[in-house]
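Colleague: Can you read through this structure? Questions will come right after.
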Amino acid sequence: MGVLVKEEIVRTNCRGCHGGCGVLVHVRDGTIIKIEGDPDFPTNHGSMCSKGLAFQQLVYHPDRVKYPLKRVGKKGEGKWQRISWDEAFDTIVNKLKQVIKENGPESIVLAQGTSREGEAFLARFGNLLGTPNVMAAGHFCYLTRVGASLVTCGNLPICDYDGNPNCVVVWGSNIFWTNPDEYTGENLCRVLAQGAKLIVVDPRLTYTSSRADVWLQLRPGTDAALAFGMLNVIISEKLYDKEFVEKYTHGWDKFVERVKQYPVEKVAEITWVPADKIIEAARLFAKTKPATIQWGISIEQNINCIDSDRLLIDLLAITGNLDVKGGGVFFLPPKGQTISQFTYHKELPPEQSAKYIAGDAHKLCHMIGLVPENYVYNAVLTGKPYPVRAILLQASNPVVTRPNAKMVYKALSQVEFLSVADFFLTPTAELADVFLPSATWLEVDYTGGFFFRHGYLFPRKKIVQIGECKSDFEIWNELGRRMGQKQWGANHIGDLDQILAPGGVTWADVRDKPFLRGEVKYRKYLEKGFSTPTRKVELYCTTFEKWGYDPLPTYKEVPESPVSNPELAKQYPYILITGPRSPVFFHSEHRMIPWLRECHPDPMIDIHPDTAKKHGIKEGDWVYIESPRGRIKQRARFNPGIHPQVVCIQHGWWFPEIKTPDHGWDLSNSNILTDNDPKTLDIAFGASNLRTLMCKIYPVKQEEAK
Ligand SMILES: Nc1nc2c(c(=O)[nH]1)N[C@H]1C(S)=C(S)[C@@H](COP(=O)(O)OP(=O)(O)OC[C@H]3O[C@@H](n4cnc5c(=O)[nH]c(N)nc54)[C@H](O)[C@@H]3O)O[C@H]1N2
Ligand SMILES: Nc1nc2c(c(=O)[nH]1)N[C@H]1C(S)=C(S)[C@@H](COP(=O)(O)OP(=O)(O)OC[C@H]3O[C@@H](n4cnc5c(=O)[nH]c(N)nc54)[C@H](O)[C@@H]3O)O[C@H]1N2
Ligand code: SF4
Ligand SMILES: [Mo]
43 MGVLVKEEIV
53 RTNCRGCHGG
63 CGVLVHVRDG
73 TIIKIEGDPD
83 FPTNHGSMCS
93 KGLAFQQLVY
103 HPDRVKYPLK
113 RVGKKGEGKW
123 QRISWDEAFD
133 TIVNKLKQVI
143 KENGPESIVL
153 AQGTSREGEA
163 FLARFGNLLG
173 TPNVMAAGHF
183 CYLTRVGASL
193 VTCGNLPICD
203 YDGNPNCVVV
213 WGSNIFWTNP
223 DEYTGENLCR
233 VLAQGAKLIV
243 VDPRLTYTSS
253 RADVWLQLRP
263 GTDAALAFGM
273 LNVIISEKLY
283 DKEFVEKYTH
293 GWDKFVERVK
303 QYPVEKVAEI
313 TWVPADKIIE
323 AARLFAKTKP
333 ATIQWGISIE
343 QNINCIDSDR
353 LLIDLLAITG
363 NLDVKGGGVF
373 FLPPKGQTIS
383 QFTYHKELPP
393 EQSAKYIAGD
403 AHKLCHMIGL
413 VPENYVYNAV
423 LTGKPYPVRA
433 ILLQASNPVV
443 TRPNAKMVYK
453 ALSQVEFLSV
463 ADFFLTPTAE
473 LADVFLPSAT
483 WLEVDYTGGF
493 FFRHGYLFPR
503 KKIVQIGECK
513 SDFEIWNELG
523 RRMGQKQWGA
533 NHIGDLDQIL
543 APGGVTWADV
553 RDKPFLRGEV
563 KYRKYLEKGF
573 STPTRKVELY
583 CTTFEKWGYD
593 PLPTYKEVPE
603 SPVSNPELAK
613 QYPYILITGP
623 RSPVFFHSEH
633 RMIPWLRECH
643 PDPMIDIHPD
653 TAKKHGIKEG
663 DWVYIESPRG
673 RIKQRARFNP
683 GIHPQVVCIQ
693 HGWWFPEIKT
703 PDHGWDLSNS
713 NILTDNDPKT
723 LDIAFGASNL
733 RTLMCKIYPV
743 KQEEAK
């Protein structure tokens, strides 16, 4: 006779990355045994990536921290003691009250990484506390394009794959591996199978660039120049949408003057892309309707960040591809709270906003409600412009993921108080005073994706409870209540009801629905114009004019390149790009997950075979990569589709299998090499220069290899 087991399949939505794939979770006797794609789901049609498929190995991982901890030894010594949630909350609350009394709330910083479910709650807690200093990854990733579009056309245009574009430009993304933000690569696959043309802008041969009709292999960091080159062709050959330009753009004449400063031959010289390829791409893009542009992260991680973002919007706008079916669309969310109604700045008094730690700098970042992280770390180390005494960090591993890792490590080791909410004791968490164990997406009820811009809301269901882990928003709710913030609901479910309230539904109504979608409506500008001060697409940005920034986009050479610094290039001859995503890891995560680590055991540097030969490096050898900031090692992977003067290293590496509390954070960490000097930052948003630097390479001697 068989044993009686209870098995059920729960339909929910994965959040193993930025999320969005519909999944079926198999649960046997209360334990998750398998996760598979939901064939009926509109955004993934049953497909899944390896991270989602392996997620139960994370949920039940033996290293997972299941109870709150407090540090008992010295910082970073790795000595911890289990405490109750009450003690953890009380410790944090007492410290916050002390800092507020002695220095004011601005000396407390709320911090997180890339987009996660708890981010709105963290920002809301910060605003209610009265600190203008919330840091995230948004100043070099994604929120930059949100900010650029707010001031240019009022909202972020999202690729309308469902509307069947006939041409897609994938600009600095490897979407088939990354499924970033609002997108999954599967949707691009589908439109390509239908015959859509593909233009890819990438310095490396990737799976995505290998499928392109036109591949523009540019010199890293020159995207803004390339965009100017394409605009130049489109304007001089009169391939733009004249009616749209006349009726719906602001500053056309001045914009054309600026574009004329970038003739195709000059652009070819700057970007290394032959002039005929630029012309071919510009014609294909402008003549094939509808067309759309898939954003990649690479263009945002350098000094040209916001201008590159604006130029991509301008390309969509003047070719008449904004808010049209199959173009770049402003999707309407299902009725509910938006992130700006819910959190940013809403409750922050103007006199506190004025204490923004970056002062008058990076006004667009301030407007979005974030602060570039180096101002915070600098304040910890110098006490200027005022001391930062406490950092409350959630869902981030900045020691590995932020530029100038040595400075980050030093600042987080020195800050008077650090709390970290995570699943594991990462190299960052090892520096904390209090550790809060967070729940994963399989342990939480949530209105997923409510502030993304794809127009969907994905209900996520709590399936299991692990130890005493709590969801991030429960943590912020509880801390908020204990700080005397009256605005929080009675419990976290109350907040989901609050998010859904404008749509007249409750969490109970939607929890078993696969998704909610807002109305799909195109050309909304015909009725209301664009949500900018002039109600037009601002090719000439009036907000920037008001702030004293250049109202027109421009191209700047990155501060560390063979062109801007030929002296440095003698010592560091290679152009260094960092951070191409591995399909099996999310940033610094998942190195401890057996199924995933087996697919990708070591950090790898992409290198042209001729370059490797010059240095006596064979495929698979460990290689030192050195920049003016430091040195790390990764293993050589030959890529004949990368320029011989460019090398590309992976980011996110630490080694959970190294059991000392540093976990080898500085051995292969790309951010030992990157820079956070204020003069390398983008002006409007403070974007960090994570890509496009200079380095030298040389083989690791056998006895020094890992
Ligand atoms: N050199 C270089 N550096 C880069 C990049 C690059 O291209 N090059 N890319 C950058 C980019 S674009 C980004 S967005 C950042 C990302 O930077 P981070 O967000 O700091 O990166 P992660 O490694 O994903 O760190 C997340 C941590 O949060 C934990 N975590 C995951 N989900 C949750 C959750 O729901 N709740 C809680 N409490 N914890 C959770 C994980 O266990 C992990 O330890 O990295 C940046 N760093
Ligand atoms: N599996 C997995 N998926 C992820 C993540 C992850 O860590 N792992 N991270 C998530 C996050 S937070 C983000 S931001 C997204 C990013 O997702 P994507 O934007 O797709 O990012 P990447 O793979 O980092 O970079 C894409 C390409 O940019 C190229 N590139 C490098 N420098 C330049 C340049 O100067 N110009 C141009 N045009 N291209 C350049 C690289 O060669 C690379 O192929 O992915 C998200 N999805
Ligand atoms: S792409 Fe992201 S949401 Fe989809 S299965 Fe992978 S981890 Fe989950
Ligand atoms: Mo990101």
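All residue numbers for the sequence shown refer to this note's numbering, where the first residue is 43 and numbers rise by one. Note that CB positions come from ideal geometry on N, CA and C, so glycine has one too.
#1: Please classify W707: does DSSP put it in a helix, a strand, or coil?
#2: Check whether the segment 211-221 and the segment 337-356 touch, using three or more Cβ-Cβ pairs below 8 angstroms as the test.
#3: Cβ-heavy atom distance between C231 and ligand 2 below 7 angstroms?
#4: Please confirm if the segment 165-176 is in contact with the segment 187-205, defined as three or more CB-CB distances below 8 angstroms between the two stretches.
#5: Can you list the alpha helix (DSSP H) stretches of 4 or more residues lying completely in the segment 204-229, in chain order?
#6: With H, G and I counted as helix, E and B as strand and the rest as coil, what does DSSP make of C407?
#7: Going by C-alpha to C-alpha distance, which of C56, G61, K76 sits closest to E50?
#8: Anything with a beta carbon under 5 angstroms from a heavy atom of ligand 3 counts; list them all in chain order.
#9: Classify G658 as buried or exposed, calling it buried when 16 or more other Cβ atoms lie within 10 Å of its own Cβ.
#10: Could you tell me if R352 is buried or exposed, where buried requires 16 or more neighbouring beta carbons within 10 angstroms of its beta carbon?
#11: Is the beta carbon of D717 less than 8 angstroms from the beta carbon of L735?
#12: Is N216 near ligand 2 - that is, is its Cβ less than 7 angstroms away from at least one heavy atom of it?
#13: K329 to E587, Cα distance in whole Å?
#14: Could you check if E159 is buried or exposed, using at least 16 other CB atoms within 10 Å of its CB as the buried criterion?
#15: Using CA coordinates, which residue listed in G672, P670, H685 is at the minimum distance from T653?
#16: Using CA atoms only, rank isn't needed, just tell me which of P440, Q140, Q123 is closest to A179.
#17: Using the Cβ count rule (16 or more neighbours within 10 Å means buried), how would you classify V114?
#18: Classify M634 as helix, strand or coil using the three-state DSSP reduction.
#19: Can you look up L434 in the DSSP assignment and give me helix, strand or coil?
#20: Keeping to the same chain, check which residues put their C-beta closer than 7 angstroms to that of A471; ignore five residues upstream and five downstream.
#21: Relative to the C-alpha of Y109, which candidate in R623, P479, D644, I714 has its C-alpha closest?
#22: Taking only runs that begin and end inside the segment 602-676, name each unbroken beta strand (DSSP E) of 3 or more residues, in chain order.
#23: Looking at C-beta atoms only, is the number of pairs between the segment 726-740 and the segment 611-619 that lie closer than 8 angstroms three or more?
#24: Go ahead and pull the three-state DSSP assignment for F97.
#25: Can you give the Cα-Cα distance for S730 and S438, rounded to whole angstroms?
#26: What separation, rounded to the nearest whole angstrom, lies between the Cα atoms of I508 and V188?
#27: In the structure shown, what three-state DSSP assignment does W314 receive?
#28: For Q154, does the count of other Cβ atoms within 10 angstroms reach 16, so buried, or fall short, so exposed?
#29: Rounding to the nearest angstrom, what Cα-Cα distance links A396 and Y614 in this structure?
#30: Which whole-angstrom value describes the C-beta separation of A453 and L434, a residue pair presumed to lie in contact below a C-beta threshold of 8 angstroms?
#31: Run through the DSSP bridge pairs and tell me what E49 is partnered with.
#32: Which runs of the beta strand (DSSP E) at least 3 residues long sit entirely within the segment 284-356? Give them in chain order.
#33: For S455 and E299, I'd like the C-alpha separation in whole angstroms.
#34: What is the C-beta distance between V243 and L258, in whole angstroms, given that I count them as a contact (C-beta under 8 angstroms)?
#35: Let me check you understand the geometry: is the CB of D514 closer than 7 angstroms to at least one non-hydrogen atom of ligand 1?
#36: Sorry if obvious, but does the Cβ on T186 come closer than 7 angstroms to a heavy atom of ligand 4?
Modeller: In this structure, then:
#1: The count along the sequence shown starts at 1 and reaches residue 707 at position 665. W707 falls in the coil class under three-state DSSP.
#2: yes
#3: Locating residue 231 in the sequence shown gives position 189, counting from the first residue. No, Cβ of C231 sits at least 7 angstroms from all heavy atoms of ligand 2.
#4: Segments in contact, no.
#5: 217-220
#6: To locate residue 407, count along the sequence shown from 1; it is residue 365. Residue state for C407 is assigned as helix, using DSSP reduced to three classes.
#7: Here the question's residue 50 lines up with position 8 in the sequence shown. Among C56, G61, K76, the Cα nearest to that of E50 belongs to K76.
#8: C56, G58, C59, G61, C63, M90, C91, K93, G94, N221
#9: Position 616 of the sequence shown holds residue 658. With fewer than 16 other Cβ atoms within 10 Å, it is exposed.
#10: Here residue 352 is taken as the residue at index 310 of the sequence shown, counted from 1. Answer is buried; the Cβ neighbour count reaches 16.
#11: Along the sequence shown, read from residue 1 onward, the residue named residue 717 stands at position 675. Along the sequence shown, read from residue 1 onward, the residue named residue 735 stands at position 693. Their beta carbons are under 8 angstroms apart, which means D717 touches L735 by this criterion.
#12: Reading the sequence shown from its first residue, position 174 is the one you call residue 216. Checking the Cβ of N216 against ligand 2 gives yes.
#13: The count along the sequence shown starts at 1 and reaches residue 329 at position 287. The count along the sequence shown starts at 1 and reaches residue 587 at position 545. When rounded, the distance between both Cα atoms is 33 angstroms.
#14: Along the sequence shown, read from residue 1 onward, the residue named residue 159 stands at position 117. Buried, by the Cβ-count rule.
#15: The sequence position of residue 653 within the sequence shown is 611, counting from 1. Comparing Cα-Cα distances from T653 to each of G672, P670, H685, the minimum goes to H685.
#16: Taking the sequence shown and counting its residues from 1, the one referred to as residue 179 is at position 137. Residue P440 is the option with its Cα nearest to A179.
#17: Your numbering for residue 114 matches position 72 in the sequence shown. Under this definition V114 is an exposed residue.
#18: Taking the sequence shown and counting its residues from 1, one reaches residue 634 at position 592. Residue state, collapsed to three classes: coil.
#19: On the sequence shown, residue 434 is found 392 positions in, with the first residue counted as 1. Note: L434 maps to strand in three-state DSSP.
#20: Here residue 471 corresponds to residue number 429 of the sequence shown, with the count starting at 1. Cβ within range, chain order: V462, D464, F477.
#21: Counting from 1 along the sequence shown, the entry for residue 109 is found at position 67. Here the closest residue by C-alpha is P479.
#22: You should have 616-620, 646-649, 664-669.
#23: yes
#24: Taking the first residue of the sequence shown as position 1, residue 97 is located at position 55. It is helical.
#25: To locate residue 730, count along the sequence shown from 1; it is residue 688. To locate residue 438, count along the sequence shown from 1; it is residue 396. Rounded to whole angstroms, S730 to S438 spans 16 angstroms at the Cα level.
#26: Working through the sequence shown from its first residue, we reach residue 508 at position 466. Working through the sequence shown from its first residue, we reach residue 188 at position 146. About 36 angstroms.
#27: The count along the sequence shown starts at 1 and reaches residue 314 at position 272. In the structure shown, W314 sits in coil (DSSP, three-state: anything other than H, G, I, E or B).
#28: The residue labelled residue 154 in the question sits at position 112 within the sequence shown. Counting other Cβ atoms within 10 Å of its Cβ, Q154 reaches 16 or more and is therefore classed as buried.
#29: On the sequence shown, residue 396 is found 354 positions in, with the first residue counted as 1. On the sequence shown, residue 614 is found 572 positions in, with the first residue counted as 1. If you take the alpha carbons of A396 and Y614, they lie about 41 angstroms apart.
#30: In the sequence shown, residue 453 corresponds to position 411, counting from 1. In the sequence shown, residue 434 corresponds to position 392, counting from 1. About 15 angstroms separates the two Cβ atoms, so there is no contact after all.
#31: What you label residue 49 is simply residue 7 of the sequence shown in a count that begins at 1. Per DSSP, R70.
#32: 333-337
#33: By 1-based counting over the sequence shown, the position of residue 455 is 413. By 1-based counting over the sequence shown, the position of residue 299 is 257. Using only the alpha carbons, I get a separation of about 51 angstroms.
#34: Walking along the sequence shown from the start, residue 243 turns up at place 201. Walking along the sequence shown from the start, residue 258 turns up at place 216. With a Cβ gap of about 5 angstroms, V243 and L258 count as contacting.
#35: Walking along the sequence shown from the start, residue 514 turns up at place 472. Yes, Cβ of D514 sits closer than 7 angstroms to a heavy atom of ligand 1.
#36: Taking the first residue of the sequence shown as 1, we reach residue 186 at position 144. Because no heavy atom of ligand 4 lies under 7 angstroms away, the Cβ of T186 does not count as near it: no.
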